[in-house]
Amino acid sequence: MNILLVYPEFPDTFWSHKHALKFLGKRALLPPLGLLTVAAMLPPEWSLRLVDTNVRGLTKNDLAWADCAFISAMIVQRESAQRIIAYCKESGLRVVAGGPLFMSDREQFAAVDHFVLNEAELTLPVFLKDLAQGNPGRTYASHLFADIRQTPAPKWELLDLKRYAGMSIQFSRGCPFQCDFCNVTTLLGHQVRTKTSRQILTELDGLYNLGWRDEVFFVDDNFIGNKTFLKTDLLPALVEWRKDKKGLLFITEASINLADDKPLMGLMVEAGFNKVFVGIETPEEECLAECSKQQNRNRSLIEDVKNIQRMGLEVQAGFIVGFDHDKPTVFQKQMDFIQLSGIATAMVGILQAPPGTPLHKRLKKEGRIRGDSSGDNVDGTTNIIPVMSLDALRDGYKRILQHIYAPETYYQRVKTFLREYKPPKRRVQLRFSHLLALVQSLYWLGILSQARVHYWKLLLWTQFKRPRLIPEAISLAICGYHYRKICEQHVA
Ligand code: B12
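Okay, structure coming up:
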């Protein structure tokens, strides 16, 4: 069997990083880890070809070569997925679909031959067995959660690595918390399931041996879901692993209680972590209570962010407006919070209710769900009827975006961050993409951009006050350019 693994294209969104990628000469932010993992579970005698359409187009040759297409997607990739499925069917291919898009919206994909849903560790073997016996069914699903200690290492070798800005690996699935708008626990459960340290080292070795030296994103729902295992097993193993390596800095996602645990943060930094994405959502206590975000309540969130930054981890964060308890003052409060905390990458969205979440259930009962969610929680749309008028919410939302990504405010915030940030000295390998980013940023941001004064001020300030952090300053300037472009689209 010739299997085409196809990943649909992302639209131009906050997380696509499209406008920043061109500075690095890269095509995509991260690879399709779901498909790479599925690839490792297919019979070894099958021939595999991966087409990530964010990196290159799907060709007639690909379609003619294949017997069957395996497609994975998030909701935000829906339109591209529809097109790809249509091409595959026109070419007579059998189409197998899995991943988050098909978990919620499969009635919109009548042309798909087989839905292999939930975690492939559980459903794929059953599908493959039925296929081998000549009677495959239409839908394979499971209410169970997989033991990911059995999950094989992703098939990195299918990727054209140099096209990506980062690689991703997964250590755990599931989250112990229950924020009412988040569908992670519906999809992956409360119980945090982890891989073994050996698995992670094997995956990292795989990447390292293929020559990968750039960032690696641990795509866990909450990396610190099992702190004891991290402190006694995985992080010490990573510290040891890193000793004779260059590059490969890590990013992950974690809850704000990370700030309570200095030894854990210290170990993470020693192990090579340098960025963490945190769900802050709102500085309003009443709203945190409303969405059951217990882990963020009754704390000084700004101080928490600063403490994490001081330990050597850049904090990126998500923010939400549109809670029932939001007052008209919330917009200014969010802007002040973001600015004071020095969170350069602030993903601000209007509250959306994904299907399957406690929020969706509550609002449905109250008659406050209107249509599907767009799948991109940072596009200024929502599928809920908010308490505040929709116009006021959209206006306030746009004001936040215009403010936080205006060059003056953004560059100022980067400075606030660089003042706090205390990373250890690391052995880095200067790569062509770094030089390219420097040259491109000097040209686009330092010469052509209307915001060039702010760019040069930041570089000069960093050169004098925190010279070691010049690479971070340039990298954040480039990200800021992307965020401004995305905001211009939303605000227009
Ligand atoms: C890494 C990640 C990203 C990366 C993207 C990486 C990439 N190139 O794909 C980044 C940070 C860029 C990102 C962005 C976004 N993401 Co995201 N992301 C994740 C995250 C944390 C991990 C995904 C992952 O790699 N998992 C590891 C692999 C192994 O798991 P998997 O993909 O689920 O695959 C398994 C199964 O689903 C199945 N499977 C998957 N595909 C297929 C295909 C076939 C044929 C078969 C048989 C099986 C199968 O088998 C695999 C093994 O079990 C998930 C949360 C999660 N835990 O899944 C959210 C998640 C996928 N993201 C989500 C969303 C909403 C977004 C954003 C819109 C904004 C946001 N809030 O993050 C943007 C959109 C992207 C964009 N560019 O515009 C949602 C998707 C919901 C949905 N129904 O679509 C998720 C589920 C998070 C959530 N809480 O809801 N994301």
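Under this note's numbering, the first residue of the sequence shown carries the number 584, and numbering increases by one thereafter.
Think of the CB as a built atom: it goes at the ideal place given N, C-alpha and C, for glycine as much as any other residue.
Note that the coordinates shown come from a computational prediction; the quantities given were computed from them, not determined experimentally.
How is residue i classed by DSSP in three states: helix, strand or coil?
i, result
"Y747", "strand"
"R756", "strand"
"F728", "coil"
"A854", "helix"
"R557", "Summary: the structure shown does not reach residue 557, with the chain confined to residues 584 through 1075, and so no result is reported for it."
"A1056", "helix"
"C765", "coil"
"R776", "strand"
"A820", "helix"
"Y723", "strand"
"F692", "coil"
"S972", "coil"
"S883", "coil"
"H1017", "helix"
"V699", "strand"
"A649", "coil"
"V1022", "helix"
"V961", "coil"
"A664", "helix"
"A603", "helix"
"V1011", "coil"
"A989", "coil"
"W1027", "helix"
"N792", "helix"
Just mark residue i as buried or exposed, buried being the case when its beta carbon has 16 or more other beta carbons within 10 Å.
i, result
"K1005", "exposed"
"S755", "buried"
"M851", "buried"
"E836", "buried"
"T785", "exposed"
"R776", "buried"
"I965", "It should be noted that the sequence gives Thr, not Ile, for residue 965. Label assigned to T965: buried."
"S751", "buried"
"P644", "First, the amino acid is wrong: residue 644 is Asn here, not Pro. With fewer than 16 other Cβ atoms within 10 Å, it is exposed."
"I667", "buried"
"T815", "exposed"
"F760", "buried"
"V970", "exposed"
"R639", "exposed"
"T642", "exposed"
"H943", "buried"
"Q1080", "Examination of residue 1080 is not possible in this model, given that the chain is present from 584 through 1075 alone."
"T722", "exposed"
"D959", "buried"
"D797", "buried"
Can you check DSSP and say which residues form a bridge with residue i?
i, result
"V799", "M750, F833"
"M930", "G901"
"V634", "V589"
"A623", "Answer is none; A623 lacks a bridge partner."
"E864", "F902"
"S655", "G681"
"V913", "DSSP, once it has assigned bridges, lists no residue as partnering V913."
"I967", "I952"
"V859", "T835, V898"
"E872", "Note on identity: in this sequence residue 872 is Ala, with Glu being the wrong assignment. Answer is none; A872 lacks a bridge partner."
"A611", "Y747"
Do you know offhand how far residue i's Cα is from residue j's?
i, j, result
"T992", "T636", "35 Å"
"L976", "P937", "19 Å"
"S957", "I967", "11 Å"
"W1027", "K858", "26 Å"
"T912", "E873", "17 Å"
"I933", "R661", "20 Å"
"A989", "M686", "38 Å"
"L818", "F812", "8 Å"
"F606", "A1060", "11 Å"
"L588", "L684", "16 Å"
"H986", "L771", "36 Å"
"V961", "A900", "12 Å"
"G954", "K738", "38 Å"
"G862", "M918", "16 Å"
"Q1072", "F597", "11 Å"
"H773", "F728", "10 Å"
"A664", "L633", "15 Å"
"D804", "L923", "26 Å"
"I1057", "V799", "19 Å"
So that I know if they touch, is there some Cβ in chain D lying closer than 8 Å to that of residue i?
i, result
"I654", "Of the protein chains in the structure, only one exists, and it is not chain D."
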